[in-house]
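Trainee: Taken in order, the sequence shown gives residues -26 to -1, 1 to 219; the numbers are from mature numbering (1 follows the signal peptide of the UniProt record, and there is no 0).
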Amino acid sequence: MSARYRQGTKTVLVMGWLALVPMAAARPPAAEPPAEPSSGASGGGSRVIDRVVAVIGTQVLTLSELEFEARVTLVQRGGVRAAEAPLDEQTLQVALELAINHRLLVAGADRLQAFQAERSEVEARLRTFRDRFEDETSLLAFLARHDADLEQLTVVLERSVRAERILDSRIRLRAQVSDAEVRRYWEGHKGTLGGPFEAVRDTLREKLFRDRYNKLAGEEFKQVRESARIRRVAPFARIQEGEQP
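1. Given this structure, state the Cα-to-Cα distance separating E132 from P170, to the nearest angstrom.
2. What do you reckon, are the CB atoms on A211 and R186 nearer than 7 angstroms?
3. Within 10 angstroms of the Cβ of A124, are there 16 or more other Cβ atoms? Answer buried if so, exposed if not.
4. Grouping DSSP H, G and I as helix and E and B as strand, with all else coil, what is Q150?
5. Comparing C-alpha positions only, which one of S38, L114, L79, A59 sits nearest to V135?
6. Tell me, which residues are paired with I30 by DSSP?
7. Return yes when the Cβ of A28 is within less than 7 angstroms of the Cβ of L37, no when it is not.
8. In chain order, what residues of the same chain have a beta carbon less than 6 angstroms from the beta carbon of F89, not counting five sequence neighbours either side?
9. Secondary structure at A122, three-state DSSP: helix, strand or coil?
10. Could you tell me whether the segment 105 to 121 touches the segment 50 to 58, using the rule of 3 or more Cβ pairs below 8 angstroms?
11. Considering only C-alpha positions, which residue in the set D142, H120, R101, G31 is nearest to R184?
12. Indicate whether L167 and V174 have their beta-carbon atoms separated by less than 7 angstroms.
13. Given a threshold of 16 other Cβ atoms within 10 Å of its Cβ, counted over all protein chains shown, does S16 qualify as buried or as exposed?
14. Would you tell me roughly how many angstroms separate the C-alpha atoms of V156 and R179, rounded to the nearest one?
15. Drop a sphere of 10 angstroms on the beta-carbon of A73, count the other beta-carbons inside from all chains shown, and report buried for 16 or more, exposed for fewer.
16. What are the start and end residues of each continuous beta strand (DSSP E) run of 3 or more residues lying completely inside the segment 56 to 84, in chain order?
17. Using CA coordinates, which residue listed in Y159, L127, I30 is at the minimum distance from R205?
18. Check for me: the alpha helix (DSSP H) holding E108 runs from which residue to which?
19. I need the straight-line Cα distance from Q197 to A191, nearest angstrom please.
20. Using the rule of at least 16 other Cβ atoms within 10 Å of the residue's Cβ for burial, across every protein chain shown, is F195 buried or exposed?
21. Can the beta-carbon of A69 be found less than 7 angstroms from the beta-carbon of A98?
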């Protein structure tokens, strides 16, 4: 197996599966959801404290948590500026599906006391996240703007690391692509690929592996959700067939 292929595979396993449900580009929302009055408000005024978006098993996911996780994912993909823009409902819907997938995978592993994240893995992910910002001050300012801190960020990143490891353990071997499959694909598309087989073999292997991995991941998520209790509360969250708010 070539070094290039190994590196491409590693990239898929570390972050690529997040793209199974691509994050939409953040843009101003068409309309803000109605604010909920605080029970402690006085003088006829009101303020938003937080809202429940969904209940996943026994875990309650609030709007502030979902928005923060969406912004973390955008930053991980290099979109620091996009992560500061208002989040529309489409982006929140996508972030919610990712949050559900993460929590269900990790909850299943917790029941078996399996797939704990290595400290070095989480620290590496945190370093990569830090590198997206100009300096530590910028990172801390980002967290402060979203009422979060380094501990909360670490929790989100650790959950992501664990979910990816769990998913990888289940489908990586099944996603492998043989030389015969790569050549067969090339034979059927060489008119548009250009160049000899040897020149494009590794690129094609990466593509076929990624496509198969994503397909298997989608099937895995569907299976995990079949036995899960998911209650969607926020209006934008009520998009799945057969799941009642």
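Positions of the beta carbon are idealized from the N, C-alpha and C atoms, including for glycine.
Mentor: On the basis of the data shown:
1. 43 angstroms
2. no
3. One detail in the question is off: residue 124 reads as Leu in this sequence, not Ala. Classification of L124: exposed, given that the 10 Å Cβ count is below 16.
4. coil
5. L79
6. Q33, I204
7. No, they are not a contact pair.
8. If we look at F89 and ignore the five residues flanking it on each side, its Cβ neighbours are A83, R136, R139, I140.
9. coil
10. yes
11. D142
12. Yes. Within cutoff.
13. Because the pLDDT of S16 is 39, which lies under 50, any placement of that residue in the model is unreliable, and the number read from its coordinates should be weighed accordingly. Exposed is the call here.
14. 6 angstroms
15. If you draw a 10 Å sphere on the C-beta of A73, you find 16 or more other C-beta atoms in it, and that means buried.
16. none
17. I30
18. Here E108 belongs to no alpha helix (DSSP H), and DSSP marks it neither H nor E.
19. 10 angstroms
20. buried
21. no
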